[in-house]
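Residue numbers (our numbering): 1 to 254.
Beta carbons are placed, not taken as given, at the ideal position from N, Cα and C, and that holds for glycine.
Note that the coordinates shown come from a computational prediction; the quantities given were computed from them, not determined experimentally.
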């Protein structure tokens, strides 16, 4: 896959969402598909508080000794309802602009500042985020708190102000085999997932084509072609969204 104008060597996709929705598991699942073996490079768990404590920038190779693929998945601390337990929302603007270094240790109580030792003062286009994926548990849509929805709106506003594409990634789709039963391109019409997709589309006021569904590999690492298709389809849509963001850049930034 080659991106618009070859403006960057790799596009950066940022994974954001509440604690426990499968952000790190998505990276591990993508890596498993391309490398063919179980990996826990990104820490995952079922704790109430976020397992991920650092900002991580992950590249993936096509096979163990293959070439590095043209995208980077950026993993973050999970968002939380309680103050002091999750990602500081004010950190997000710095991440989107490319100011935050790899392995930055998140502080839930305050965001990174330019005074941080490794703060990237003048990030290049390749350092910036080109697509944001809001990762949500498909069965949690009805139970999102007012604060969490407000956080999503703030993220969306910041992304739009920077010309960054936004997609929603719904995880833990138990009926994923039914999703693919008829036609992949019509998977958003599958029941019972359709109502959840419509709720997310309405909440974020985004095109329904930008609401994606997957089932990550987690406890069962037996190869499953149906899971692979959904994960790769979601990844392809993210790459297309990133490509559209690059194409829409002002001339002075290209």
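Shown here, residue 80 sits in coil according to DSSP, grouped into three states, outside any helix or strand. The C-alpha of residue 140 is placed about 26 Å away from the C-alpha of residue 222. Residue 37 is bridged by DSSP to nothing; it lacks a bridge partner. The stretch 83-122 contains, as complete alpha helix (DSSP H) runs of 4+ residues, the segments 91-97 (chain order). By the neighbour-count criterion, in which 16 or more other beta carbons inside 10 Å mark a residue as buried, residue 1 falls on the exposed side. If you check the CB distance, residue 214 and residue 171 come in under 8 Å. Comparing alpha-carbon positions, the option among 230, 26, 227, 166 lying closest to residue 244 turns out to be 166.
Taking 8 Å as the cut-off, the Cβ atoms of residue 135 and residue 26 count as close. Look at the beta carbons and you see the stretch 62-79 touching the stretch 2-13: at least three pairs across the two are nearer than 8 Å. Counting along the chain, the unbroken beta strand (DSSP E) around residue 71 starts and ends at 68-75.
Sequence-distant partners of residue 201 (beyond 5 residues in either direction) whose C-beta falls short of 6 Å from its own C-beta, in its chain, are 208, 211. Residue 211 is bridged by DSSP to 168. Per DSSP, the continuous alpha helix (DSSP H) segment holding residue 245 begins and ends at 225-247. Apart from sequence neighbours up to five positions away, the residues of its chain that approach residue 147 with a beta-carbon distance below 8 Å are 81, ordered along the chain. Setting aside the 5 residues that flank it on each side, residue 204 is surrounded in the same chain by 152, 156, 168, each with a C-beta closer than 7 Å to its C-beta; the list follows chain order. Comparing alpha-carbon positions, the option among 109, 37, 62, 32 lying closest to residue 53 turns out to be 109. Apart from sequence neighbours up to five positions away, the residues of its chain that approach residue 162 with a beta-carbon distance below 6 Å are 96, ordered along the chain. Residues 89, 92 of the same chain have their beta carbon placed closer than 8 Å to that of residue 154, with the five preceding and five following residues left out of the count. Residue 32 sits in a helix when the DSSP states are folded into three classes.
Just measuring C-alpha positions, the residue of 86, 107, 127, 79 sitting nearest residue 101 is 127.
About 7 Å separates the beta carbon of residue 78 from that of residue 17, a gap short enough to meet the 8 Å contact definition.
By the Cβ neighbour-count rule, residue 130 is buried, with 16 or more other Cβ atoms within 10 Å of its own.
In the DSSP secondary-structure assignment, residue 135 is bridged to 169.
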